[in-house]
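To start, the structure itself, in structure tokens.
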Amino acid sequence: LLHRAGQSLLVLWAAFTLAFLLLQVLPGDAVLIKFQNPDLGLSPQQIAEMRQAYGADSPIWQQYLHTLLAMLRGDFGYSVQAGVPVSDLLRSNLPATLQLALAGFAVACVVAFALAALARLPALRLLRTLLQSLPALFISLPTFWLGIALIQLFSFQLRWIPVINPSPLQGLILPVLTVAVPISAPLAQILLRSIDQVATQPFVAVARAKGASAQHVLWRHIMRNALLPVLNVAGLLLGELIAGALITETVFGLSGIGQLTQQAVNNQDVAVLQAVVMISALVFVLINLLVDLLMPLFDPRLQTVAGGNS
Numbered sequence: 180l181l182h183r184a185g186q187s188l189l190v191l192w193a194a195f196t197l198a199f200l201l202l203q204v205l206p207g208d209a210v211l212i213k214f215q216n217p218d219l220g221l222s223p224q225q226i227a228e229m230r231q232a233y234g235a236d237s238p239i240w241q242q243y244l245h246t247l248l249a250m251l252r253g254d255f256g257y258s259v260q261a262g263v264p265v266s267d268l269l270r271s272n273l274p275a276t277l278q279l280a281l282a283g284f285a286v287a288c289v290v291a292f293a294l295a296a297l298a299r300l301p302a303l304r305l306l307r308t309l310l311q312s313l314p315a316l317f318i319s320l321p322t323f324w325l326g327i328a329l330i331q332l333f334s335f336q337l338r339w340i341p342v343i344n345p346s347p348l349q350g351l352i353l354p355v356l357t358v359a360v361p362i363s364a365p366l367a368q369i370l371l372r373s374i375d376q377v378a379t380q381p382f383v384a385v386a387r388a389k390g391a392s393a394q395h396v397l398w399r400h401i402m403r404n405a406l407l408p409v410l411n412v413a414g415l416l417l418g419e420l421i422a423g424a425l426i427t428e429t430v431f432g433l434s435g436i437g438q439l440t441q442q443a444v445n446n447q448d449v450a451v452l453q454a455v456v457m458i459s460a461l462v463f464v465l466i467n468l469l470v471d472l473l474m475p476l477f478d479p480r481l482q483t484v485a486g487g488n489s
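Residue 419 in the working numbering sits at position 240 of the sequence shown, and the numbers go up by one each step.
Given below as structure tokens:
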């Protein structure tokens with residue numbers, strides 16, 4: 180546990196450092212963009228004071244240390260454009276992004292389980308063949324293109340979901356499908372392969388010999404053991420899904436981290452961008468750390484290995 184926690188901290192530090200350096204080399208200055216506006220009527224001296232107040236005139240190494248120490252305290256600084264603490268912006272936008280990502284992940288898991296279960300039916304051999312090629316196709320689809328295609332199909336062609344003033348539930352359907360579709364086929368493919376491997380194990384033959392039904396063997400014995408590889412990959416896919424949710428929010432005009440990021444990029448609001456990178460990295464690291472901790476609960480063999488190593 181300490182080893183994995185140490186690795187997670189190194190990943191977060193590397194993400195912070197890389198993001199900080201990349202943001203520093205970007206042309207422009209968020210303070211100048213906002214306060215050099217002629218309509219504000221600020222003098223050069225006042226603009227210099229604003230740069231000093233935001234720490235924009237400090238050497239890069241001082242800005243790095245100040246920002247790093249502040250984030251360790253949970254202080255993400257101030258947004259130059261909004262004029263409020265970045266933590267306030269995150270609190271108001273992060274829940275919507277997490278809702279979209281988790282809903283999309285839940286839908287993707289349901290679709291993956293359904294596809295994997297149906298593909299084992301002898302009458303649906305074609306579905307098994309399709310699952311061998313669909314993952315590469317689904318992953319290669321750009322998220323923004325898929326969102327636009329779904330809007331064109333369900334809103335303009337079929338007219339099932341209104342574009343203007345949809346209900347909260349209607350407004351969530353297409354974004355959830357946009358983030359769920361790219362990962363549903365890979366999950367289904369991995370689950371199907373794992374089911375095929377577990378189905379050949381001796382304990383499955385014993386369960387069948389005892390007279391257990393095919394459905395009982397599938398859900399009680401095979402599926403439980405086939406989940407292990409899926410659980411491991413699901414953590415990585417969930418991290419990618421959160422990144423896809425940021426793009427999806429921009430396509431559908433949803434309030435969330437995606438829209439906040441777009442505005443920060445347009446305004447070169449470095450503090451907001453740095454915070455978004457760190458929050459995304461933190462969520463990704465925590466998800467994969469949680470998966471590593473849950474694996475021994477599903478596979479007792481890992482507990483034995485851990486006990487022997489200790």
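The C-beta atom is built at its ideal place from N, Cα and C for all residues, glycine as well.
Model, not experiment: these values are computed from the prediction.
**Message:** Is it the case that the segment 461–471 contacts the segment 411–425, given that we only count it when at least three CB pairs across the two stretches are under 8 Å?
**Reply:** Verdict: yes, contact present.
**Asked** Would a C-beta distance cut-off of 7 Å place Val430 and Phe323 closer than the cut-off?
**Response** Annotated as proximal: Val430 and Phe323, with beta-carbon spacing under 7 Å.
**Asked** Apart from the five residues just before and just after Gln349, which ones in its own chain have a Cβ nearer than 7 Å to its Cβ?
**Response** The beta carbon of Gln349 sits closer than 7 Å to those of Ile340 and Pro341, all from its chain and outside the five residues before and after it, given in chain order.
**Message:** Check whether the segment 426–442 and the segment 262–279 touch, using three or more Cβ-Cβ pairs below 8 Å as the test.
**Reply:** The segment 426–442 vs the segment 262–279: in contact.
**Asked** Which residues mark the beginning and the end of the alpha helix (DSSP H) in which Thr379 is found?
**Response** Here Thr379 belongs to no alpha helix (DSSP H), and DSSP marks it neither H nor E.
**Message:** With a threshold of 6 Å on Cβ separation, who are the neighbours of Ala443 within its own chain once the five nearest residues in sequence on each side are excluded?
**Reply:** Within its own chain, the residues whose Cβ lies closer than 6 Å to the Cβ of Ala443, once the five positions on either side in sequence are excluded, are Val451 and Leu452, listed in chain order.
**Prompt:** Any chance the segment 359–377 sits against the segment 286–298, with 3 or more Cβ pairs inside 8 Å?
**Reply:** At 8 Å Cβ cutoff, the stretches touch.
**Asked** What are the boundary residues of the alpha helix (DSSP H) that Val396 is part of?
**Response** Val396 -> no alpha helix (DSSP H), and no H or E assigned at all.
**Message:** Taking 6 Å as the cut-off, is the beta-carbon of Ala413 closer than that to any non-hydrogen atom of the ligand GTP?
**Reply:** Judged by which ligands are present, the structure shown has none, so any question about the ligand GTP falls away.
**Prompt:** Rounded to a whole number of angstroms, what is the C-alpha to C-alpha distance between Leu279 and Met457?
**Reply:** Each residue's alpha carbon lies about 19 Å from the other.
**Request:** Give a yes or no on whether the C-beta atoms belonging to His400 and Val412 are separated by under 7 Å.
**Result:** No, the pair does not count as a contact, with Cβ atoms beyond the cut-off.
**Request:** Express the C-alpha separation of Val409 and Ala302 in angstroms, rounding to a whole number.
**Result:** Looking at the two C-alpha atoms, the distance is approximately 25 Å.
**Message:** Rounding to the nearest angstrom, what Cα-Cα distance links Arg307 and Ser363 in this structure?
**Reply:** For Arg307 and Ser363, the distance between alpha carbons rounds to 14 Å.
**Item:** 7 Å CB neighbourhood of Asp471 in its chain, flanking five on each side removed
**Value:** Listed in chain order, the non-local C-beta contacts of Asp471 below 7 Å within the same chain comprise Arg183, local neighbours out to five positions each way being set aside.
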